[in-house]
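Input: a single structure, listed below in C-alpha cells.
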Amino acid sequence: QAKEQGRNGYQIYDESMNAKALERIILESQLHKALKDEEFEVYYQPQVSCRTGEVVGIEALVRWNSKELGVVEPGRFLPLAEEIGLVIQIDQWVMREACRQHKLWIDQGLPPVTIAVNISGQQFLKNELLDTVTAVLERSGLEPGLLELELTEGVLMAHTERTVKTLEALKGMGVRLAIDDFGTGFSSLSYLKRFPLDVLKIDRTFINDITSDPDDAAITLATIEMAHTLKLQVIAEGVETQAQLEFLTRNRCDMYQGYLFSKPMRPEEYPRLFLSHHADHAAPDHATPDPV
Ligand code: C2E
Ligand code: MG
Ligand code: MG
Ligand code: MG
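Residue numbers (the UniProt record's numbering): 427 to 718.
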C-alpha cells in the first residue's frame, strides 16, 4: 500500500477528494495486480432441492482476497472491473477454477451436481465466450451438462439477435442456461420464450418478505407458475428462514439457495458440509416438509 500511496500521493492527500473517489483510486490500482498475483478466490454456495433437501447444484461466487484491503465483496469491485475492462479476465478465471474444482470433487466421489457461474455483460458480448466455454470444458474434463451459465436480464436484452444466436450455440454444446436476478430488470416476458433457458432464479428482493408481504408472495407465485409453463426450473435466491422455505416448497418452487442452508463457503469446507448433510438427511435444520 505504501508504494501505491507514493505513486498517487498528491491525489491521496488532496483534501478536496472525497472518500469514494479515494477508494476508487486505491481499488483500481490494486485490481490490476490482483489478477497477476492470483488474489481472487471462488466461494461456493449450494443450491438445494425444495422437495428432497438434497444439494443439486453449486453457484461459484468470486471473492477478492487482497493483501492490502482484506476480503473485498464482488459488489465493491465488479462494477469497477467492468469499467476498466478487467471483468472478462476475472470471469474467465472463475469459470476455469470452478470447473477444475468441481471435476476434482466428482473424481473424489462427490455427486456430479450442476456448477453455476455468473457471466458479465461484457463477457457475454465477446465472441470468445463460446471459445472460452469450449476450452474450459475441454481442459477440466467436466461434462457440458454440468456447467450452468447465469445471465441477467440486462445482458439478455442488450442485443437480442446476437443473444439468441449465442445462447443457441451454448445450448448446442449442452451447457445449461439460467436467468439470474429475475424480476429486477425490465424484460419483456416474451423473451423468456425466445431464449433457450433452463432455469429462472427469482431475485432475493422478492423472497425477503414473501411470508409477510402479499404483493411479493403474489409475484413469486406468478413467476413460479409462468416458469413451469415455459418448462423452466425455478430457484429462489436468498432464502433465510424456514418459513420462506415452507412457503416456496408448498408452492412448487424447485430449488432454493440462501443462508438458511449455507452461506457461500471456501472450497475446503464444501465436501465436509456435503457429507455431513447427506449423512443425517433428516437434521431439523435442513428438513423440508413433504411435497404436497
Ligand atoms: P448473484 O449472482 O445474484 O449471487 C447471489 C448473491 O446473494 C451472492 O452475493 C450471495 O452471497 C448472496 N446471498 C446468497 N444467499 C443469501 C441470503 O440468504 N441472504 C443474503 N442477504 N444474501 C445471500 P455475492 O457473492 O456478494 O455476489 C453478488 C453479485 O456479484 C452476484 O449476485 C453476481 O451478480 C455478482 N458476482 C459474483 N461472482 C461473480 C463472478 O464470478 N462473475 C460475475 N460476472 N459476477 C459475479
Ligand atoms: Mg448468480
Ligand atoms: Mg442472483
Ligand atoms: Mg442478486
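Beta carbons: idealized from backbone N, C-alpha and C, even for Gly. Remember, it's a predicted structure, so these values are computed and weren't measured experimentally.
Would you check if the distance between the CB atom of residue i and the CB atom of residue j is smaller than 8 angstroms?
{"i": "residue 776", "j": "N544", "result": "Missing from the structure shown is residue 776; the chain here goes from 427 to 718 and no further."}
{"i": "D642", "j": "D635", "result": "yes"}
{"i": "M681", "j": "C525", "result": "no"}
{"i": "T560", "j": "M599", "result": "yes"}
{"i": "L688", "j": "P538", "result": "It is Ser, not Leu, that sits at residue 688 in the sequence shown. No, the Cβ-Cβ distance between S688 and P538 is not below 8 angstroms."}
{"i": "L699", "j": "M691", "result": "yes"}
{"i": "A447", "j": "A486", "result": "no"}
{"i": "M521", "j": "V562", "result": "yes"}
{"i": "F503", "j": "W490", "result": "yes"}
Do you know offhand how far residue i's Cα is from residue j's?
{"i": "Q659", "j": "L626", "result": "6 angstroms"}
{"i": "V665", "j": "E569", "result": "29 angstroms"}
{"i": "N553", "j": "T637", "result": "43 angstroms"}
{"i": "K529", "j": "T589", "result": "29 angstroms"}
{"i": "G483", "j": "Q683", "result": "9 angstroms"}
{"i": "A648", "j": "K462", "result": "46 angstroms"}
{"i": "E651", "j": "E480", "result": "23 angstroms"}
{"i": "F632", "j": "S616", "result": "21 angstroms"}
{"i": "L656", "j": "T558", "result": "29 angstroms"}
{"i": "L495", "j": "I452", "result": "9 angstroms"}
{"i": "P640", "j": "F608", "result": "18 angstroms"}
{"i": "N444", "j": "G501", "result": "20 angstroms"}
{"i": "S566", "j": "E509", "result": "30 angstroms"}
{"i": "L582", "j": "G547", "result": "8 angstroms"}
{"i": "A708", "j": "G571", "result": "A caution first: A708 carries a pLDDT of 42, below 50, which makes its placement in the model unreliable, though a value can still be read off. Computed Cα separation, rounded: 29 angstroms."}
{"i": "A460", "j": "H703", "result": "35 angstroms"}
{"i": "L618", "j": "E499", "result": "30 angstroms"}
{"i": "D517", "j": "E672", "result": "34 angstroms"}
{"i": "S614", "j": "L536", "result": "39 angstroms"}
{"i": "V601", "j": "E564", "result": "13 angstroms"}
{"i": "Q515", "j": "Y470", "result": "19 angstroms"}
Tell me which same chain residues have a C-beta within less than 8 angstroms of the C-beta of residue i, skipping the five on either side of it?
{"i": "L603", "result": "E574, L575, L577, L593, L596, K597, F621, P622, L623, D624 and V625"}
{"i": "W531", "result": "Y696 and P697"}
{"i": "Q668", "result": "L686"}
{"i": "Q534", "result": "P697"}
{"i": "H585", "result": "L551"}
{"i": "G511", "result": "Q548"}
My assumption, with CB atoms under 8 angstroms, is that residue i sits in contact with residue j. Please give the rounded CB distance.
{"i": "V513", "j": "Q549", "result": "7 angstroms"}
{"i": "V468", "j": "V488", "result": "6 angstroms"}
{"i": "K493", "j": "E465", "result": "7 angstroms"}
Keeping to the same chain, check which residues put their C-beta closer than 6 angstroms to that of residue i; ignore five residues upstream and five downstream.
{"i": "Q527", "result": "P693"}
{"i": "A662", "result": "I628, I633, L674, C679 and Y682"}
{"i": "I645", "result": "F632"}
{"i": "G611", "result": "E579 and G580"}
{"i": "A713", "result": "Reliability of the predicted coordinates at A713 is poor, the pLDDT of 43 falling under 50, and no value is obtained from them."}
{"i": "residue 409", "result": "Past the edges of the chain, shown from 427 to 718, lies residue 409, and the structure says nothing about it."}
Among the residues of its own chain, which have a CB less than 7 angstroms from the CB of residue i, if the five just before and after it don't count?
{"i": "A653", "result": "L626 and V660"}
{"i": "L506", "result": "R450, L453, E454 and L457"}
{"i": "E523", "result": "V468"}
{"i": "L555", "result": "Q549 and T592"}
{"i": "Q670", "result": "I633, I636 and T637"}
Counting by C-beta, which residues lie closer than 7 angstroms to a heavy atom of ligand 2, in chain order?
Summarising the contact set, residues whose Cβ lies nearer than 7 angstroms to any heavy atom of ligand 2 are, in chain order, E485, A542, N544, E576, D606 and K627.
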